[in-house]
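Asks:
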Amino acid sequence: MSKVESATRYIFVTGGVTSSLGKGIISASLAKLLQARGYTATIQKLDPYINIDPGTLNPYEHGECYVTEDGAETDLDLGHYERFLNVTTSQANNVTTGRIYQSVIDKERRGDYLGETVQVIPHITDEIKHCIKLLGEDHKYDFVITEIGGTVGDIESLPYIEAIRQLRWELGNRCIVVHLTLVPYLAAAKELKTKPTQHSVKTMQEYGVQPDILVCRTEKPLNENIKNKIALFCNVSPAAVIESIDTDSIYRVPLLMLNEKLDIQVLKKAQMSPNCTPDLQSWEEFVNRLQNPEKTIRIALVGKYVELMDAYKSIIESLIHAGTSNKCKVEVKMVHSEQIENGNTENLLAGVSGIIVAPGFGERGIEGKISAITYARTNKIPFLGICLGMQCATIEFARNVLSLNHAHSTEMLPDTPYPVIDIMEQQKKITLKGGTMRLGAFACNIKEGTKAYKIYDNLNISERHRHRYEFNNKYLEQFESNGMIASGRNPDTNLVEIMEIPDHPWFLGVQFHPEYKSTVAKPHPLFVNFVKAANDFETGKTN
Ligand code: GLN
1 MSKVESATRY IFVTGGVTSS LGKGIISASL AKLLQARGYT ATIQKLDPYI NIDPGTLNPY
61 EHGECYVTED GAETDLDLGH YERFLNVTTS QANNVTTGRI YQSVIDKERR GDYLGETVQV
121 IPHITDEIKH CIKLLGEDHK YDFVITEIGG TVGDIESLPY IEAIRQLRWE LGNRCIVVHL
181 TLVPYLAAAK ELKTKPTQHS VKTMQEYGVQ PDILVCRTEK PLNENIKNKI ALFCNVSPAA
241 VIESIDTDSI YRVPLLMLNE KLDIQVLKKA QMSPNCTPDL QSWEEFVNRL QNPEKTIRIA
301 LVGKYVELMD AYKSIIESLI HAGTSNKCKV EVKMVHSEQI ENGNTENLLA GVSGIIVAPG
361 FGERGIEGKI SAITYARTNK IPFLGICLGM QCATIEFARN VLSLNHAHST EMLPDTPYPV
421 IDIMEQQKKI TLKGGTMRLG AFACNIKEGT KAYKIYDNLN ISERHRHRYE FNNKYLEQFE
481 SNGMIASGRN PDTNLVEIME IPDHPWFLGV QFHPEYKSTV AKPHPLFVNF VKAANDFETG
541 KTN
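In terms of my numbering, the sequence shown opens at residue 1 and continues consecutively.
Here you go:
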C-alpha cells in the first residue's frame with residue numbers, strides 16, 4: 001500500500017429524519033465489512049448530551065450502560081461495536097458534550113488559552129476534532145468510524161456537524177460522510193416517500209456538509225426510480241444510495257450491507273481499491289445457525305425494567321449468541337420483579353427452563369428477585385445471577401438456608417442484622433455518584449473442581465465490573481459449610497466474584513457482568529453453558 005493508501009480514513013455516520021434508525025448497527029456493520037476485507041477499524045460514538053457519561057442515566061432514559069475493559073461507562077452502541085467486531089473499545093470510543101466542555105473548561109481554568117475568548121468555534125470544535133483524531137493516532141486503525149448521536153437539525157449536534165465540515169477540509173478524501181435517513185412508506189398512498197430524506201440532506205448542506213453516501217432505512221425495497229430520485233435531489237450518485245431494509249435480526253445487517261455494496265462505496269470514496277472479497281464465512285455460519293434453530297428454550301429474565309429491552313441489551317444479545325452455540329432459539333420472558341412480589345412466583349415462572357436475575361440498583365422489586373431465586377434453587381431450575389442477581393442469591397441463601405432472618409445488603413437495609421452484602425471500605429467515603437463504582441476489568445481466580453472451573457476451563461479469568469457492594473467475607477465460612485461456595489475470588493483483594501451451589505444442577509451468581517464480553521465470534525462460556533443447562537433441564541422435563 002502506498003503512503004496515501006495507508007493513512008487512516010475517518011468515516012462519519014450521521015442520522016436524519018428521526019432517531020432510532022440504527023446508526024449504531026450500520027456503523028458496526030460497515031466496520032465488520034471493512035474488517036472482513038482485512039482492514040482494521042474502530043468505532044466511536046459522540047453523544048450530544050451534557051452528562052459526562054451515561055453512568056448516571058436512568059435506563060429509561062438511555063437503555064443499558066455498557067462498561068469497557070478500562071472501566072468507562074458508555075453508550076450501549078459500544079456493546080454492538082464489540083459484539084460485531086470482537087475488538088475491545090475504551091473510554092476514547094465514547095465522548096459526550098459534557099466531557100468535551102469539561103475538558104475545555106479545565107483548560108481555560110489552567111490558563112491554556114492564554115487570554116483568548118473561549119468559544120464554541122474554534123475551541124469546542126477543536127476539542128471534538130481532537131477526540132476524533134485521537135483514535136487515528138499512530139495509525140492503529142485503517143478506519144475510524146465516528147457515529148454522531150442524535151438527529152441532524154438538533155441544536156445540540158450542531159458543533160459536531162461543524163467539526164465534520166472542518167475535518168473535510170483538513171482530511172480531503174480521507175473523510176467520508178455516511179448519512180442514515182428514513183424513506184417512509186405511506187400505506188394510504190401505497191408509496192415510498194423521499195421528501196424527508198431530501199430535507200435532512202438539505203439541512204446537512206446548509207451546515208456545509210454534503211453526505212457522500214446515503215443509507216436509507218425502509219420497510220419496502222427501494223426500486224431504481226426511487227434511488228435515482230434520491231440521488232438527483234441529494235447530490236449523490238445512484239450507487240451511493242444504499243437500501244437498508246427492515247430485518248428480523250441485527251446480525252443480518254452486515255450481509256444486507258454487503259449486498260448493497262456499502263463497503264465498496266466507502267472504499268471508492270476513500271480512493272482505496274476493494275481488491276479482495278470479504279471473508280464473512282464464520283459470520284454467515286452464525287446467521288445461518290441463528291435462523292435455523294432446532295428448538296426453542298424459554299428463559300426468564302427477572303428485572304425491574306421489563307418494558308424496555310434496551311435496559312438489558314447485552315444480556316439479551318449474549319443469550320442470542322449462546323442460543324446459536326446450542327442450536328436453539330432462546331425466547332426471553334421478561335418478568336417484572338415487582339409483580340413477583342405480589343405472590344405470583346409460580347405463575348410467572350412456570351414453564352421456563354432457566355432463570356436469570358438481572359443487575360440493578362436500589363430497593364424496588366428486590367423481594368421479587370429473591371423469591372424468584374428461592375423458586376430456582378428449590379425447583380433445581382438453572383439459575384444465573386448477575387451482579388445484583390448474585391447479591392440477591394446470597395441474601396436468599398442466608399435467609400432461607402442459614403436462617404439469618406432479615407439478612408440483606410446494606411444498600412437496601414443499612415441496619416440489617418446480617419449484612420451479607422456490604423459496601424467496600426474504600427467506597428464509604430465517596431460521595432460523588434458519577435464514575436465512582438468498582439468499574440472495568442478485574443482478575444478472578446477460579447477454584448479447581450468447581451462448576452465455574454468446568455465452564456471457563458481456566459484458573460485465571462478477567463471480567464468487567466460495575467457495582468459498589470460486595471459479598472461480606474465474614475460470612476463465607478458459614479455459607480461454604482452449608483452448601484454455597486465461593487468458586488471465584490479476586491487474587492489481590494480476596495473479594496468473592498463467583499458463588500455457586502454444587503448440589504444444584506446449575507446455580508451460579510457472578511459479581512461481574514459476563515454479558516459485556518460476549519461477541520458473535522466468542523459467545524461467552526457462562527451464557528453458553530447456562531443455555532445448555534436450560535436445554536438439559538427442558539429435555540429432562542419432557543423425558
Ligand atoms: N447495586 C449493586 C451494587 O452497587 C449491584 C450493581 C449491579 O447490579 N450492577 O453493588
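Glycine is no exception: its CB is placed at the ideal position from the N, C-alpha and C atoms.
Between which residues of its own chain and Glu219 is the CB-CB distance below 6 Å, once the five residues before and five after are set aside?
Replies: On the sequence shown, position 219 is the one that residue 219 refers to. If the five residues before and after Glu219 are omitted, its C-beta is found closer than 6 Å to the C-beta atoms of Tyr185 and Asp246, all from its own chain and listed in chain order.
Asks: Where does the unbroken alpha helix (DSSP H) through Ser371 begin, and where does it stop?
Replies: Here the question's residue 371 lines up with position 371 in the sequence shown. Ile366 to Thr378 is the extent of the alpha helix (DSSP H) around Ser371.
Asks: Go ahead and label Val528 buried or exposed: buried means 16 or more other beta carbons lie within 10 angstroms of its beta carbon, across all protein chains shown.
Replies: Residue numbering aside, residue 528 sits at position 528 when the sequence shown is read from its first letter. Per the 10 Å Cβ criterion, buried.
Asks: Exposed or buried, Ser2, counting other C-beta atoms within 10 Å across all chains shown (16 or more means buried)?
Replies: Within the sequence shown, residue 2 is the residue found at index 2, counting from 1. At Ser2 the pLDDT is 47, less than 50, meaning the model places this residue with poor confidence; the figure from the coordinates comes in the next sentence. When all chains shown are included, Ser2 counts as exposed.
Asks: From the DSSP secondary-structure annotation, give me the bridge partner or partners of Arg438.
Replies: Residue mapping note: residue 438 aligns to position 438 of the sequence shown, counting from 1. Answer is His467.
Asks: Can you give me the Cβ contacts of Phe84 inside the same chain, cut-off strictly under 6 Å, excluding the 5 residues immediately before and after it?
Replies: Residue 84 sits at position 84 when you count from the first residue of the sequence shown. For Phe84, where only same-chain residues beyond five positions count, the Cβ hits under 6 Å are Ala28 and Lys32.
Asks: When the Cα atoms are used, what is the spatial distance from Val104 to Gly435?
Replies: To locate residue 104, count along the sequence shown from 1; it is residue 104. To locate residue 435, count along the sequence shown from 1; it is residue 435. Rounded to the nearest whole angstrom, the CA to CA distance from Val104 to Gly435 is 20 Å.
Asks: Mind checking if Thr431 is an interface residue toward chain C, Cβ cutoff 8 Å exclusive?
Replies: Among the chains of the structure shown, chain C does not appear; only one protein chain is present.
Asks: In terms of residues, what are the limits of the beta strand (DSSP E) holding Thr218?
Replies: As a position in the sequence shown, residue 218 is number 218, starting the count at 1. Taken as a continuous stretch (DSSP letters only), the beta strand (DSSP E) holding Thr218 covers Ile213 to Thr218.
Asks: What separation, rounded to the nearest whole angstrom, lies between the Cα atoms of Gly354 and Thr394?
Replies: For the purposes of this step, residue 354 is identified with residue 354 of the sequence shown, where counting begins at 1. For the purposes of this step, residue 394 is identified with residue 394 of the sequence shown, where counting begins at 1. About 18 Å.
Asks: Just curious, the beta strand (DSSP E) that His179 is in, first and last residue?
Replies: By 1-based counting over the sequence shown, the position of residue 179 is 179. Here the beta strand (DSSP E) through His179 covers Cys175 to Leu182.
Asks: Can you determine whether any heavy atom of the ligand GLN sits closer than 7 Å to the C-beta of His467, and answer yes or no?
Replies: Here residue 467 is taken as the residue at index 467 of the sequence shown, counted from 1. His467 Cβ: within cutoff of the ligand GLN.
Asks: Regarding Gln391 and the ligand GLN, is the C-beta to nearest heavy atom distance less than 7 Å?
Replies: Here residue 391 refers to the residue found at position 391 of the sequence shown. Yes, Cβ of Gln391 sits closer than 7 Å to a heavy atom of the ligand GLN.
Asks: So, for Tyr160: in the same chain, excluding its five sequence neighbours on each side, which residues have a beta-carbon less than 7 Å away from its beta-carbon?
Replies: Within the sequence shown, residue 160 is the residue found at index 160, counting from 1. Hits under 7 Å: Leu46, Pro48, Ile128 and Ile148.
Asks: Please report the straight-line C-alpha distance between Asp112 and Ile226, rounded to a whole angstrom.
Replies: Within the sequence shown, residue 112 is the residue found at index 112, counting from 1. Within the sequence shown, residue 226 is the residue found at index 226, counting from 1. Cα-Cα distance, rounded: 52 Å.
Asks: Across which residues does DSSP place His408 in a beta bridge pair?
Replies: Reading the sequence shown from its first residue, position 408 is the one you call residue 408. Per DSSP, Pro419.
Asks: What would DSSP say about Thr394, mapped onto helix, strand or coil?
Replies: Counting from 1 along the sequence shown, the entry for residue 394 is found at position 394. Looking at Thr394 - three-state DSSP - the assignment turns out to be helix.
Asks: What did DSSP end up calling Gly360 once you bin it into helix, strand or coil?
Replies: Along the sequence shown, read from residue 1 onward, the residue named residue 360 stands at position 360. DSSP places Gly360 in coil when its eight states are reduced to three.
Asks: So within the stretch 3-63, which uninterrupted alpha helix (DSSP H) runs reach at least 4 residues, ignoring any that extend past its ends?
Replies: 3-6, 23-36 and 59-62
Asks: Can you find a heavy atom of the ligand GLN that lies under 7 Å from the Cβ of Pro414?
Replies: Position 414 of the sequence shown, counted from the first residue, corresponds to residue 414. The answer is no for Pro414.
Asks: Which value, in whole angstroms, describes the spacing of the CA atoms of Asn615 and Asn347?
Replies: Absent from the structure is residue 615, since the part of the chain shown begins at 1 and ends at 543.
Asks: Roughly how many whole angstroms lie between the Cα atoms of Ser16 and Lys327?
Replies: Reading the sequence shown from its first residue, position 16 is the one you call residue 16. Reading the sequence shown from its first residue, position 327 is the one you call residue 327. The displayed chain sequence assigns Gly, not Ser, to residue 16. Gly16 and Lys327: Cα-Cα distance of roughly 38 Å.
Asks: What's the C-alpha gap between Leu78 and Asn93?
Replies: For the purposes of this step, residue 78 is taken as the residue at position 78 of the sequence shown. For the purposes of this step, residue 93 is taken as the residue at position 93 of the sequence shown. Cα to Cα, the separation comes out at about 8 Å.
Asks: Could you pull out every unbroken alpha helix (DSSP H) segment of at least 4 residues lying fully inside the stretch 115-169, listed in chain order?
Replies: 125-134
Asks: Run through DSSP, which three-state label would Met204 get?
Replies: Working through the sequence shown from its first residue, we reach residue 204 at position 204. Correct three-state label for Met204: helix.
Asks: Would you mind listing the beta strand (DSSP E) stretches within the stretch 216-287 that are 3+ residues and don't spill past its ends, in chain order?
Replies: With a minimum length of 3 residues, the continuous beta strand (DSSP E) runs that stay inside the stretch 216-287 are 241-245.
Asks: Identify whether Lys333 lies in helix, strand or coil by the three-state DSSP scheme.
Replies: Here residue 333 is taken as the residue at index 333 of the sequence shown, counted from 1. Strand, per DSSP.
Asks: What separation, rounded to the nearest whole angstrom, lies between the Cα atoms of His199 and Ala240?
Replies: Translated into positions along the sequence shown, residue 199 becomes position 199. Translated into positions along the sequence shown, residue 240 becomes position 240. Taking the straight line from one Cα to the other gives about 17 Å.
Asks: Taking the alpha carbon of Arg168 as the reference point, which residue from Lys195, Gly449, Pro211 and Glu191 has its own alpha carbon closest?
Replies: Residue 168 sits at position 168 when you count from the first residue of the sequence shown. If we check each option's Cα against that of Arg168, Pro211 comes out closest.
Asks: Please look up how many angstroms separate the CB atoms of Val330 and Ile299, rounded, as I've assumed it's under 8 Å.
Replies: Within the sequence shown, the letter at position 330 stands for residue 330. Within the sequence shown, the letter at position 299 stands for residue 299. Contact flag correct, Cβ pair sits at about 6 Å.
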